[in-house]
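In the working numbering, the protein residues as written are 217 to 451.
This is the structure in structure tokens:
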């Protein structure tokens, strides 16, 4: 399974602007001098979306990530999204307390050629979120809330975004992860599954199922993701 996801990530994985394929982000950043690689595949009726998202924290309180997503259409594989994001925290979360943070980013979105000329169309999207995280039972239960906006360049509209997420430890190396998220227009979505720690503080595996409320089988998808975290690169 690990080898399969590594291949998917290198050949090309979709979008969700958060920790891996989850939409709701937490108010935490990587440790100073650490980097991570997140890769995931989103499998739905329309095909497979693939993401490769490396990030680093060079300063101690600024996590920078550069994610890229590849998709395939009739013309072949193409770079569907390229995302640059910065994330910081104003208050670090500690056990049985709370944290506050913020992120912002820009996405160059490329749509598959469906116009009269069959050419692909590119647009720029911008987004920002205020992040809060709450710890209960010595970090065994974590609650995350997000509130922000998305500016869609293609539609020239700005929408409010929101989300609520949860991480609950089920056993030593296995946790439940779930979220509900949406915008001020349209139906909200949900995603839920499990997160397994394969190597403590180094390798995590996510398996989740998601859908849009009211879409029945039309919008459902399954996500398989891996997260690799490096040791501190400088001491």
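No residue lacks a Cβ here, since even glycine has one placed at the ideal position from N, Cα and C.
Check: Segments of 3+ residues assigned as beta strand (DSSP E) that fall wholly inside the segment 240-277; Outcome: 251-260 and 263-272
Check: Cut-off 6 angstroms between Cβ atoms - residues of its own chain near residue 264, not counting five sequence neighbours on either side; Outcome: 257
Check: Three-way DSSP call (helix, strand, coil) for residue 417 in this model; Outcome: coil
Check: Residue 308 in three-state terms, based on DSSP; Outcome: coil
Check: Enclosing beta strand (DSSP E) for residue 362 [first to last residue]; Outcome: 357-368
Check: Cut-off 7 angstroms between Cβ atoms - residues of its own chain near residue 181, not counting five sequence neighbours on either side; Outcome: Coverage of the chain is limited to positions 217 through 451, which leaves residue 181 absent and any answer about it impossible.
Check: Sequence-distant residues of its chain with Cβ nearer than 6 angstroms to residue 368 (five each side left out); Outcome: 341
Check: Contacting residues, own chain, Cβ-Cβ under 6 angstroms from residue 439 (five flanking each side not counted); Outcome: 237, 256, 258 and 424
Check: Meets three-Cβ-pair contact criterion under 8 angstroms: the segment 386-397 and the segment 276-290; Outcome: no
Check: Burial state of residue 313, where buried means 16 or more other Cβ atoms lie within 10 Å; Outcome: exposed
Check: Cβ shell of residue 273 (< 8 angstroms), same chain only, five flanking positions each side left out; Outcome: 245, 246, 247, 248, 249, 250, 251, 279 and 280
Check: Option in 372, 377 and 268 with minimal Cα separation from residue 444; Outcome: 268
Check: Cut-off 8 angstroms between Cβ atoms - residues of its own chain near residue 408, not counting five sequence neighbours on either side; Outcome: 392, 393, 394, 395, 424, 425 and 426
Check: Spatial neighbours of residue 441 in its chain, beta-carbon cut-off 6 angstroms, leaving aside the 5 residues before and after; Outcome: 236, 237, 256 and 422
Check: Distance between residue 348 and residue 402 (C-alpha atoms, nearest Å); Outcome: 24 angstroms
Check: Inter-residue CB distance, residue 320 and residue 302 (contact presumed, cutoff 8 angstroms); Outcome: 6 angstroms
Check: Simplified DSSP assignment, three categories, for residue 429; Outcome: coil
Check: DSSP-derived helix/strand/coil call for residue 327; Outcome: strand
Check: Sequence-distant residues of the same chain with beta carbon closer than 7 angstroms to residue 277, five excluded per side; Outcome: 245, 304 and 305
Check: Bridge-paired residues (DSSP) for residue 412; Outcome: 390 and 421
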